[in-house]
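Asks: As numbered in UniProt numbering, the sequence shown has no gaps in its residue numbers, which increase by one up to the final residue, 310.
Where a beta carbon is used, it is the ideal one built from N, C-alpha and C, also for glycine.
What you are looking at is a predicted structure, and each value in this text was computed from that prediction instead of being measured.
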Amino acid sequence: NTLAILPIISASHNPRSTEAATKYFLTQAAASATVLFSSMLNAWQTGTWDITQMFYVPSSVLLSLALAMKLGLAPLHFWLPEVLQGSTLFTALIIVTWQKLAPMSLIYLTINNLNPTILLTLGLLSSIIGGWGGLNQTQTRKIMAYSSIANLGWMATIASIMTNIMVMNLLIYLMMTMALFSFLIVSKSKTIQDTTMTWALSPTMTIMMTFLLLSLGGLPPMTGFAPKWLILEELTTQNLIPMAVLMAIFSLLSLFFYTRLAYTTTLTLSPNTLQTKFKWRFKQTLSTPLMTTLSTMAIFLLPLTPLMLT
1 NTLAILPIIS ASHNPRSTEA ATKYFLTQAA ASATVLFSSM LNAWQTGTWD
51 ITQMFYVPSS VLLSLALAMK LGLAPLHFWL PEVLQGSTLF TALIIVTWQK
101 LAPMSLIYLT INNLNPTILL TLGLLSSIIG GWGGLNQTQT RKIMAYSSIA
151 NLGWMATIAS IMTNIMVMNL LIYLMMTMAL FSFLIVSKSK TIQDTTMTWA
201 LSPTMTIMMT FLLLSLGGLP PMTGFAPKWL ILEELTTQNL IPMAVLMAIF
251 SLLSLFFYTR LAYTTTLTLS PNTLQTKFKW RFKQTLSTPL MTTLSTMAIF
301 LLPLTPLMLT
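#1: With MET178 and LEU294 assumed to form a contact (beta carbons below 8 Å), what rounded beta-carbon distance in angstroms separates them?
#2: Does the structure place the stretch 124–137 close enough to the stretch 231–248 that three or more beta carbon pairs sit under 8 Å?
#3: Measuring only the C-alpha atoms, how far is ARG16 from LEU109?
#4: Name the DSSP beta bridge partners of THR191, please?
#5: Secondary structure at LEU114, three-state DSSP: helix, strand or coil?
#6: According to DSSP, is PHE37 part of a helix, a strand, or is it coil?
#7: Helix, strand or coil for PRO303? Go by DSSP, reduced to three states.
#8: Can you tell me whether PRO81 is buried or exposed, with buried defined as 16 or more other CB within 10 angstroms of its CB?
#9: Using 8 Å as the Cβ pair cut-off and three pairs as the minimum, do the stretch 212–220 and the stretch 126–143 touch?
#10: Going by beta carbon distance, what residues of the same chain come within less than 7 Å of LEU106, once the five residues before and after it are set aside?
#11: Tell me the DSSP secondary structure of PHE78 in three-state form.
#12: Since ILE172 and THR223 should fall inside the 8 Å C-beta cutoff, what is the C-beta to C-beta distance between them, to a whole number of angstroms?
#13: Confirm, please, whether the CB-CB distance from MET297 to MET175 is below 8 Å.
#14: Report the rounded CA-to-CA distance for TYR258 versus MET40, giving the unit in angstroms.
#15: Restricting to Cα atoms, I'd like to know which of LEU114, ALA74, THR52, LYS23 is closest to SER87.
#16: Taking 8 Å as the threshold (beta carbon to beta carbon), is ILE94 in contact with chain C?
#17: Label VAL83 either buried or exposed according to how many other C-beta atoms from any shown protein chain fall within 10 Å of its C-beta, with 16 as the threshold for buried.
#18: For GLN53, name the three-state secondary structure that DSSP assigns.
#19: Enumerate in chain order the residues of its own chain whose CB-to-CB distance from LEU232 is below 8 Å, with the five nearest sequence positions on each side excluded.
#20: Can you tell me the Cα-Cα spacing of ASP194 and THR138, whole angstroms?
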């Protein structure tokens, strides 16, 4: 998985992409070595190499931290914003979506042996740092990196309590992130200032992008509200009320930078000429059935929440 994406990251042939590929390789190699070391330590103590039967506590702690590093959970998140900033928008899309599937699968398989306290702590820290880190960013890739950290924090929080909500959260996160990155790729928006000209390319896309950002922030009645609602409900049911309150409060940090991005996209106009206002009329219509489907699902799936849970 790691070796396959390294050529994709470094394909741009510039110092930033080479640096990003090096950082990604070193981080993922260290995390993989830690996974192997935890498995070896468990085999030494218990006699089994099965990763789903990790009963030795130090091994399970090491495995939790290694998977957190692979995912980019705080406080092992420092590589993710830097790697995304050094990659193209399409490569960044792969890193924050497809590359998360393998570590999340390992968490799903080994969840019975992972320490719930560690997962809850990692989840809370990720929610705080994911929201806090994105506040002062001007680059869309770094904003999406911190968005990814915050969303993964919610998944880590619920992982040890109810795995089916975690899986549902992951699928909704993948849909929303892929749809938003599709808009950023089509509009070539690498900074917040670039998003101010999205409406000139496609007014319809501008409106959909705004709804997508609010959905990522978890505002009802958009799809992104469903996982946050279910996670907070489950935390309250498990008598983890302080945790639920803190997660809800710190999600406001993420909501702030999503709202700021939505504001610049729809209500702000950068310096332009008369001709740029009519660019969308002359631009050849793009065939984007995948983008349309993903964005529609990422915005309007809230009424189907009970069906998704079953």
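Replies: Taking the structure as given:
#1: For the purposes of this step, residue 178 is taken as the residue at position 178 of the sequence shown. For the purposes of this step, residue 294 is taken as the residue at position 294 of the sequence shown. Sure, about 5 Å apart at Cβ, within 8 Å.
#2: yes
#3: Translated into positions along the sequence shown, residue 16 becomes position 16. Translated into positions along the sequence shown, residue 109 becomes position 109. Rounded to the nearest angstrom, the two C-alpha atoms are 36 Å apart.
#4: By 1-based counting over the sequence shown, the position of residue 191 is 191. DSSP lists GLN139 as partners of THR191.
#5: Taking the first residue of the sequence shown as position 1, residue 114 is located at position 114. LEU114: coil per DSSP, three-state reduction.
#6: The residue given as residue 37 occupies position 37 in the sequence shown. In this structure, PHE37 counts as helix in the three-state DSSP scheme.
#7: For the purposes of this step, residue 303 is taken as residue 303 along the sequence shown, with counting starting at 1. PRO303 falls in the helix class under three-state DSSP.
#8: If you number the sequence shown from 1, residue 81 lands on position 81. Buried: at least 16 other Cβ atoms inside 10 Å.
#9: no
#10: By 1-based counting over the sequence shown, the position of residue 106 is 106. Taken in chain order, the residues that qualify are LEU67.
#11: In the sequence shown, counting from the first residue as 1, residue 78 sits at position 78. PHE78: coil per DSSP, three-state reduction.
#12: On the sequence shown, residue 172 is found 172 positions in, with the first residue counted as 1. On the sequence shown, residue 223 is found 223 positions in, with the first residue counted as 1. Confirmed, about 6 Å.
#13: Start at 1 with the first residue of the sequence shown, and residue 175 comes out as number 175. Start at 1 with the first residue of the sequence shown, and residue 297 comes out as number 297. For MET175 and MET297, yes; Cβs fall inside 8 Å.
#14: Residue mapping note: residue 258 aligns to position 258 of the sequence shown, counting from 1. Residue mapping note: residue 40 aligns to position 40 of the sequence shown, counting from 1. In a straight line, the C-alpha of TYR258 is about 43 Å away from that of MET40.
#15: As a first step, residue 87 must be located in the sequence shown, where it is residue number 87. It is LYS23 whose Cα lies nearest to the Cα of SER87.
#16: Given the protein chain composition of this structure (a single chain), no chain C is represented.
#17: Stepping through the sequence shown from its first residue, residue 83 is reached at position 83. VAL83 comes out buried.
#18: The residue you call residue 53 lines up with position 53 of the sequence shown. In the structure shown, GLN53 sits in a helix (DSSP, three-state: H, G or I).
#19: For this step, residue 232 is matched to residue 232 along the sequence shown. Same-chain partners within the cutoff: ALA244, MET247, ALA248.
#20: Locating residue 194 in the sequence shown gives position 194, counting from the first residue. Locating residue 138 in the sequence shown gives position 138, counting from the first residue. Whole-angstrom Cα-Cα distance: 10 Å.
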